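Novice:
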Amino acid sequence: MLIAQLSDPHVRPEGELYQGVVDSNAMFATAIAHVNALDPRPDLVLLSGDLVDHGQDDEYAMLAKLLAALEVPVLAIPGNHDEREAFRRAFAGRRWLPGAGPINYVADDLGAVRIVAVDVTLPGLHHGTVSEAGAAWLDRVLADEPRRPAIVMMHQPPFDTAIPYLDLYSCRDGERLAAVIARHPQVERIVCGHVHRFMQTRFGGTMLCTAPSTTTAIALRLKPDAKPASHLEPPALLLHHWQPRTGLITHFVPIGAFPGPYPFA
Ligand SMILES: [Fe+2]
Numbered sequence: 004m005l006i007a008q009l010s011d012p013h014v015r016p017e018g019e020l021y022q023g024v025v026d027s028n029a030m031f032a033t034a035i036a037h038v039n040a041l042d043p044r045p046d047l048v049l050l051s052g053d054l055v056d057h058g059q060d061d062e063y064a065m066l067a068k069l070l071a072a073l074e075v076p077v078l079a080i081p082g083n084h085d086e087r088e089a090f091r092r093a094f095a096g097r098r099w100l101p102g103a104g105p106i107n108y109v110a111d112d113l114g115a116v117r118i119v120a121v122d123v124t125l126p127g128l129h130h131g132t133v134s135e136a137g138a139a140w141l142d143r144v145l146a147d148e149p150r151r152p153a154i155v156m157m158h159q160p161p162f163d164t165a166i167p168y169l170d171l172y173s174c175r176d177g178e179r180l181a182a183v184i185a186r187h188p189q190v191e192r193i194v195c196g197h198v199h200r201f202m203q204t205r206f207g208g209t210m211l212c213t214a215p216s217t218t219t220a221i222a223l224r225l226k227p228d229a230k231p232a233s234h235l236e237p238p239a240l241l242l243h244h245w246q247p248r249t250g251l252i253t254h255f256v257p258i259g260a261f262p263g264p265y266p267f268a
């Protein structure tokens with residue numbers, strides 16, 4: 004099973020730029036074309052939040068227009084820049100979408116790996132939390148199929164990055180999540196968005212990684228008094244490749260066309 008993860012496209016209304024400087028819509032279109040052109044083509048695309056920038060209906064209309072070009076099934080969760088009810092309207096009719104409350108769901112018929120989406124966003128706030136109800140739900144659904152590999156997808160990562168302006172807006176109560184994950188060793192990976200950078204760390208006895216954005220990269224500044232900034236670094240996606248023999252391998256894939264191929268060895 005091959006799963007592409009695209010994150011934080013921050014789609015704007017047609018013709019408008021992200022932060023007034025970056026054409027996030029064009030960059031998301033390029034990311035979608037990159038996924039469509041992968042050979043073999045992924046079975047599934049995960050969108051790990053901040054699909055649009057201001058939670059506006061005209062942004063979701065543009066998102067729908069861009070996603071119409073994607074030739075692979077999609078699973079999505081909202082991020083702190085999404086608006087939960089506008090998100091729900093945008094994805095109305097998708098069978099994974101719950102009718103009310105947090106966007107928590109399990110998708111288990113798209114391949115060998117179960118996708119468990121946990122909505123840790125708090126409407127109106129930039130940080131997230133693992134609620135008691137969310138943790139109990141996750142514990143229950145993971146217990147349903149203890150021998151089937153699972154990916155847990157959430158927006159804000161539940162750990163401190165040591166980038167000071169990111170940690171103000173992390174997912175709090177991560178220890179509650181870690182306790183649940185530790186009980187379910189079939190969780191191959193926790194995958195997040197939000198931080199607009201690739202990071203990996205150990206969490207709850209499994210591996211956790213964050214996806215780069217298809218748009219801008221948040222600056223890697225580790226000094227405690229660092230000021231926030233972002234850069235137009237090369238955008239990238241993650242490709243999670245599951246095989247029974249190898250388990251789950253996560254590839255970091257820059258988006259774009261690059262010189263080559265050249266002879267190797
Ligand atoms: Fe974002």
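According to our numbering, the sequence shown holds residues 4 to 268 in order.
For glycine and all other residues, C-beta sits at the position ideal for the given N, C-alpha and C.
No experiment lies behind these values; they were computed from the predicted model shown.
Between which two residues does the alpha helix (DSSP H) harbouring PHE31 extend?
Specialist: 27-40 is the extent of the alpha helix (DSSP H) around PHE31.
Novice: Give a yes or no on contact between the segment 49-66 and the segment 192-200, applying the rule of three or more CB pairs nearer than 8 Å.
Specialist: With a cut-off of 8 Å, the segment 192-200 and the segment 49-66 count as touching, because enough Cβ pairs lie within range.
Novice: Relative to ligand 1, what is the chain-ordered list of residues with a Cβ closer than 5 Å to any of its non-hydrogen atoms?
Specialist: Counting every residue whose Cβ lies closer than 5 Å to a heavy atom of ligand 1, we get ASP11, ASP53.
Novice: At what residues does the beta strand (DSSP E) containing MET156 begin and finish?
Specialist: Counting along the chain, the beta strand (DSSP E) containing MET156 begins and ends at 153-156.
Novice: Tell me the DSSP secondary structure of TRP245 in three-state form.
Specialist: Of the three classes helix, strand and coil, the one that applies to TRP245 here is strand, per DSSP.
Novice: Tell me which same chain residues have a C-beta within less than 6 Å of the C-beta of PRO161, skipping the five on either side of it?
Specialist: So the list reads CYS174, GLY177, LEU180, once near-sequence residues are dropped.
Novice: At what residue ranges does the segment 141-196 contain a whole run of the beta strand (DSSP E), taking only runs of 3 or more?
Specialist: 153-156, 190-195, all fully within the segment 141-196.
Novice: Under a Cβ-count criterion, where at least 16 other Cβ atoms within 10 Å of its own Cβ denotes burial, should THR217 be classed as buried or exposed?
Specialist: Under this definition THR217 is a buried residue.
Novice: My understanding is that VAL38 touches LEU73, with C-beta atoms under 8 Å, so please give their C-beta distance in whole angstroms.
Specialist: Right, the Cβ-Cβ distance comes to about 7 Å (below 8 Å), so this counts as a contact.
Novice: Tell me the DSSP secondary structure of GLY137 in three-state form.
Specialist: Three-state result, GLY137: helix.
Novice: Does the separation of the CB atoms of LEU241 and PRO152 fall below 8 Å?
Specialist: For LEU241 and PRO152, no; Cβs fall outside 8 Å.
Novice: Measuring alpha carbon to alpha carbon, tell me which of ARG248, ALA239, ALA268 ends up nearest PHE1.
Specialist: This structure gives no information on residue 1, because the portion of the chain shown stretches from 4 to 268.
Novice: Here's a check: name, in chain order, each residue in its chain whose Cβ is nearer than 6 Å to the Cβ of PRO105, leaving out the five neighbours to either side.
Specialist: Excluding positions up to five away in sequence, the list reads ASP122.
Novice: Whose CA, out of THR209, THR249, GLY127, lies closest to the CA of HIS84?
Specialist: The candidate whose alpha carbon is nearest that of HIS84 is GLY127.
Novice: Give me the DSSP bridge partner(s) of TYR108.
Specialist: DSSP lists ALA120 as partners of TYR108.
Novice: If you draw a straight line from the alpha carbon of GLU86 to that of ARG98, how long is it in whole angstroms?
Specialist: Their backbone Cα atoms lie some 20 Å apart in a straight line.
Novice: Going by other Cβ atoms of all chains shown within 10 Å of its Cβ, with 16 needed for buried, is PHE90 buried or exposed?
Specialist: Buried is the call here.
Novice: May I ask which residues mark the beginning and end of the beta strand (DSSP E) holding ARG44?
Specialist: That residue, ARG44, is in no beta strand (DSSP E); it is neither H nor E in DSSP.
Novice: Nearest to PRO14 by CA position, among ALA71, ASP53, GLN8, is which residue?
Specialist: Reading the sequence as shown, one finds Val at residue 14 and not Pro. Ranking the options by Cα distance to VAL14, first place goes to ASP53.
Novice: In angstroms with no decimal places, state the Cα-to-Cα distance between GLU236 and VAL198.
Specialist: Approximately 14 Å between the Cα atoms of the pair.
Novice: Let me make sure I understand the geometry here. Which of ALA67, LEU41, MET4 has the alpha-carbon closest to that of PRO12?
Specialist: Minimum Cα distance to PRO12 is reached at ALA67.
Novice: For VAL55, which beta-bridge partners are listed by DSSP?
Specialist: DSSP output for VAL55 lists VAL14 as bridge partner(s).
Novice: ARG205 lies in the beta strand (DSSP E); which residues open and close that run?
Specialist: First-last of the beta strand (DSSP E) with ARG205: 202-206.
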